[in-house]
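A short worksheet on the structure shown next.
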Amino acid sequence: MNLRSIFTQLLELVLALALAPLLTGWINQCRAWLQNKSAPALWQPYRLLRKLFYKESMVADNASLLFRTTPYVVFGTMALASAIIPTVSTNLPLASAADAIALVGLFALARVFLSLAAMDIGTAFGSMGARREMLVGFLAEPALLMVFFSASLISGSTSLTTIVDTLSKQELVIYPGLAFAAVAFAIVALAENARVPVDNPSTHLELTMIHEALILEYSGRHLALIEWASSLKLMAYLCIGIALFAPWGIAAGSTPGAMLLALPVLVFKLGLGGALLALLETLSAKMRIFRVPEFLATAFLLAVIGLLVHLLLVRP
Amino acid sequence: MQWLHLDWVLAVLAGLLCVALAGVLSLHRFAVVSRVLFPAGGLLGLALSGIALDALMSGTEVAVLPVGLPGLPAHLRLDGLAAYFLMIIGAASAGISLFAAGYFRRGEGTPPGLLCLEYHIFLASMIGVILADDAYSFMVAWETMALSSYFLVTANHRLPAVRSAGYLYVTMARIGAIAILLCFGVLQANTGDYTFANMRLQELDPFWASAGFCLAVFGFGAKAGVVPLHVWLPEAHPAAPSPVSALMSGVMLNTAIYGLLRVSLDLLQVTLWWWGGALLIIGLATALFGVVFASVQTDMKRLLAYSSIENMGLLFVGMGLTLLFFSHDMQPMAALALTATLYHVASHACFKSLLFLGTGSVLHATAERSLGKLGGLIRRMPWVAWFVLVGVLASAGLPPLGGFVAEWLLLQSFLFAPGLPVPLLTMLIPVAAALIALVAALAGYTMVKFFGVIFLGQPREEKLAQAHDAGIWERLGMLWLAGGCIALGLLPTQFIQLIDPVTRQLVHEGIGPGAIRNGWLLAPNGVHQASYGPVLFLLGILACIGLAALLVRLLYHGRIRRGRPWACGFPQVTARMQDTAEGFGQPIRQIFEPFFVMRRELPSPFDAAPKYRVEVEDHFWAWLYLPLANLANYLARLLGMMQQGRIAIYLLYSFLTLLATLVAVMR
């Protein structure tokens, strides 16, 4: 671990923190265009964060310490998650502390804390949101793990940096197993980030909301942290998608030249991914909550099929 | 004379028996029992774990004690495997005994002195099971364990439900013990010598080895509560007083795992590949069954009992994987899977004991076991709530706590299983990994329900406002176990060194020293392949959290206004608006509907006092146990026809028997 790799690590973290609201703004803009609406400005999420940070936090009378610490825990876990996913370079000292399985565990940790905090006040919406969030989570989490495993079997490693190194150095080979995994991953990413067709980030209709119901009681700086964490999570998922399915261009070392090259590539890929997400959201309708388990079970099965296909076709 | 480790362990055993006797002598002297005897038992547990820790690093010790039947002395042996399990028993029971010192109250069921006797005999018999080196002493200790725990389960014997739970428990224990006895009969291979040393020498042919293995799986599986032999567990474990539940779920279940490891990897000299496959499938079924049923429970202790079934399933999966790799001569992979199994044994002992103790405190504070009548206790009993939160996070397998490390190791051994020669197994392994991931995620769901419904939200009953926090003894006991969960989560590289001698003994390979990179990283197959550094991980999260909090405070402000909950502007927010335990489990009931037998009572719109009730049961009772019970009843009735109640008939029976015997002897 030298000074340069620590600098790379910090750069990744700061980049993720700075770019995440921008990505959210970009997706909102794309979505508005696709739906023939006039779009909000690209930096609208930053304005929102600034406004929320300046506002006073309203906390319910009976809220416990758990309620007040959760926004920080969620923000911290998401920041760590974006620090260990390779985006511009694979020379990340923190990445050795957590591999793909630990990354899935990290997301689960944030989800459990958020659900518990939602139940803390004891309103109807909070516990409903917690139940639905855990419902989505318990199907999406194993599916995500299986997607990682498909990539792990190819590269012989669960370490994200090794996966990216292996996959990006190979010539263009299409792995059938990875194709199944990509479809599964798309479904998981939609569900985990509370996007249509599982949830709608812009709804406040009581009966349909999941993520919004969870954070209904938060306001002020707590809400700002959670919103920022949600942006970070969305960006983390897009970066995972890039790392697994389109890893070309991520620098292997920490030379300034390679990283300068990797940065515009990353921004381009994120922009493309965001636009694709907006398109997917526009083309699909919100599902009834009872259909969500089937939708996610499809993702789970596709991911497992991807593993099996890989084992069938690529015998060592 | 130099004292061996074995002597010290025997001294602890004798100490426990003395404490038990002292309990009888001070039968109704409550203060003595709770303030002196139980803490003494806790200290003995601590001493035991210290001795076992030291013994783990030294070699095998054997001894022959001249007790028991003439000509049948008790053979004892303290090797790596035994020392590891003794260490866990000692460490977990230390916390539980401390808690028990503050737990038992005057005038509840069995007198305190008697409880003290049964409790410490129970502990001593578990040590006996682990130390035994011949079938006789093993069975004596095993049966003492079953019997003493039966009396502990029925401590509240005035309740009919507790009595029937005890009956079911002792029946299943009996059936399991018969299978274990038969297993030892097979293993000694007609030599008439029932010492384990002799069994290790026998080279059984595959048929008899498989017969012995199947009997062992049945016998020890009945104790561990694997499907379909699980029916007693969700009845018996919750019926007992909470420290006893903790001892049974967290500690006693491990003796079943110990027994199966002892038979399959130590006593049996051959290993067939399909044994591993069978254990894998049984384990997966058990784990999925346990976690699905845990998530729909409405009684907090039953929920934990089902969660124990789930964890036993995971342990069986780990053992199955070990056997699978071992039978194909893949020792390094077998060592990895066995390490994962043994790690999970330790972490399960910590978090399950902790959670059961937490329910004990809640039960004392509220006199309520039903989840639907609890809620909001984090404000009344913060100590218990935060300790239980540690257990909940560990149980849900979340980093950076103990449960995650075991899960991580297990998934590693699944993922990097090199191609097995049997194609069917190569296909089975990813499916099994997927199911393990699903079980882990469902465990998270269950634990959120458990913690959220008990400790969060608004109190669902008036009387909960009077709930009091746990006393100092109870807090100390829970602190010890919560510390165990955290230590197991943060120091895996150190703890794996303790497992190393055990895996070297059983599968001739260890991953211990080779699994450490850069001091703190756990990397069984090299850093480029997979690594996990919980300390760095935790520090990373804490740094992010701290920095965020500091920056928010510096750049903006720290003002907070308290007010009524927002709740989308609804003016009235009552406790009845929250999800009940039934409500929280509803999605699971819907998704896994074929698993359940459900009885619903739905209110009609015109009910003056609408009531909604749903009862969930599993199919095994109706499909398997009721037919068996009916068959037993039928046979008993047939035999009953012989008993006419007239002396002449009985004399005739005696005469006919005599005649038959004479004929048999003369021929």
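Listed in order, the protein sequences are those of chains A and B.
First residue of the first sequence? That's 69 in our numbering, and the numbers climb one at a time after it.
First residue of the second sequence? That's 75 in our numbering, and the numbers climb one at a time after it.
For every residue, glycine included, the Cβ atom is placed at its ideal position computed from N, Cα and C.
Source: prediction; values computed, not measured.
TODO: Go ahead and label B/P587 buried or exposed: buried means 16 or more other beta carbons lie within 10 angstroms of its beta carbon, across all protein chains shown.
DONE: Per the 10 Å Cβ criterion, exposed.
Open item on the list: Please identify the residue among B/V464, B/G333 and B/P315 whose C-alpha is closest to the C-alpha of B/F212.
Closed with: Comparing Cα positions, the closest option is B/G333.
Task: B/H149, DSSP secondary structure in three states - done: strand
Task: Nearest to A/V141 (by Cα), restricted to the options A/A128, A/W101, A/K105 and A/S183 - done: Of the candidates A/A128, A/W101, A/K105 and A/S183, the one whose C-alpha sits nearest the C-alpha of A/V141 is A/S183.
Open item on the list: Short of 8 Å in beta carbon distance, which residues of its chain neighbour B/R274, apart from the five on each side in sequence? Order them along the chain.
Closed with: D340, L341 and Q343
Open item on the list: Counting only Cβ-Cβ distances shorter than 7 Å, please list the residues of the region 111-130 of chain A near chain B, keeping chain order.
Closed with: Within the region 111-130 of chain A, F121, Y122, E124, S125, M126, V127, A128, D129 and N130 place their CB atoms closer than 7 Å to a CB of chain B, listed in sequence order.
- [ ] Give a yes or no on contact between the region 80-91 of chain A and the region 290-305 of chain A, applying the rule of three or more CB pairs nearer than 8 Å.
- [x] yes
TODO: Could you run through the region 501-514 of chain B and flag, in chain order, every residue whose CB is less than 9 Å away from some CB of chain A?
DONE: M501, I503, P504, V505, A507, A508, L509, I510, A511, L512, V513 and A514
- [ ] Kindly say whether A/M187, judged by its beta-carbon, lies nearer than 8 Å to any beta-carbon of chain B.
- [x] Taking 8 Å as the CB threshold, A/M187 lines the interface with chain B.
- [ ] Anything in chain A within Cβ reach of B/L489, meaning under 8 Å, just list it in chain order.
- [x] F217, S220, L221 and T226
Open item on the list: Tell me whether the region 285-298 of chain B and the region 364-380 of chain B touch, counting them as touching only if at least three CB pairs, one residue from each stretch, are closer than 8 Å.
Closed with: no
TODO: Taking the CB atoms as reference points, tell me whether B/G387 and B/A411 lie closer together than 8 Å.
DONE: no
- [ ] Express the C-alpha separation of A/A252 and A/F368 in angstroms, rounding to a whole number.
- [x] 7 Å
TODO: Select from B/A229, B/L428, B/V260 and B/L303 the residue whose C-alpha is nearest the C-alpha of B/V337.
DONE: B/V260
TODO: Would you tell me roughly how many angstroms separate the C-alpha atoms of B/Q540 and B/M161, rounded to the nearest one?
DONE: 39 Å
TODO: Mind the definition here: the region 659-670 of chain B touches the region 680-693 of chain B only if three or more C-beta pairs lie below 8 Å; say whether that holds.
DONE: Touching, per the Cβ criterion.
Open item on the list: For B/C190 and B/H304, I'd like the C-alpha separation in whole angstroms.
Closed with: 28 Å
TODO: Have a look at B/F292 and B/A239 and give me their C-alpha separation to the nearest angstrom.
DONE: 21 Å
- [ ] Report the rounded CA-to-CA distance for B/A313 versus B/I585, giving the unit in angstroms.
- [x] 41 Å
Task: Closest Cα partner of B/T415 within the set B/L485, B/A459, B/H402 and B/L475 - done: B/L485
TODO: Name the one or two DSSP bridge partners that B/Y606 has.
DONE: B/L596
TODO: Count the other CB atoms, across all protein chains shown, that sit within 10 Å of the CB of A/F217; report buried if there are 16 or more and exposed otherwise.
DONE: buried
Task: C-beta contact flag for A/P361 and B/L512 at 8 Å - done: no
Task: B/V136 and B/D207 closer than 8 Å at C-beta - done: Yes, the Cβ-Cβ distance between B/V136 and B/D207 is below 8 Å.
TODO: With B/G637 as the anchor, note down where its beta strand (DSSP E) starts and where it stops.
DONE: I634 to G637
Open item on the list: Taking the alpha-carbon of B/E192 as reference, which of B/A209, B/S427, B/A220 and B/A561 has the nearest alpha-carbon?
Closed with: B/A220
Task: Option in B/L172, B/I125 and B/L95 with minimal Cα separation from B/I195 - done: In terms of Cα proximity to B/I195, the closest of B/L172, B/I125 and B/L95 is B/L95.
TODO: May I have the straight-line CA-CA distance separating B/A459 from B/R103, to the nearest angstrom?
DONE: 32 Å
Task: Runs of alpha helix (DSSP H) lying entirely within the region 349-428 of chain B, each at least 4 residues, in chain order - done: 374-401
Task: Candidates B/F658, B/G620 and B/I254: closest to B/P268 by CA position - done: Going by the sequence as given, residue 268 of chain B is Tyr instead of Pro. The candidate whose alpha carbon is nearest that of B/Y268 is B/I254.
TODO: Would you mind stating whether B/S469 and B/S401 have Cβ atoms separated by less than 8 Å?
DONE: The Cβ atoms of B/S469 and B/S401 do not sit closer than 8 Å to each other.
Task: C-alpha distance - A/D188 paired with B/F430, whole-angstrom precision - done: 22 Å
TODO: Below 7 Å between beta carbons is the criterion; list the residues of the region 618-648 of chain B that meet it against any residue of chain A, in chain order.
DONE: Look at the region 618-648 of chain B: the residues with a C-beta under 7 Å from a C-beta of chain A are C618, I619, A622, A623, V626, Y630, R633, I634, R635, R636, G637, R638, P639, W640, A641, C642 and V647.
TODO: Could you name the residues of the same chain whose beta carbon sits closer than 6 Å to that of B/A330, not counting the 5 residues immediately before and after it, in chain order?
DONE: F294, K297 and A298
TODO: Can you give me the start and stop residues for the alpha helix (DSSP H) that B/F178 sits inside?
DONE: Premise fails: B/F178 is in no alpha helix (DSSP H) and is neither H nor E.
Task: Contact list for B/S605 against chain A, beta-carbon separation under 7 Å - done: Within chain A, the residues S164, D167 and S227 have their CB atoms less than 7 Å from the CB of B/S605, given in chain order.
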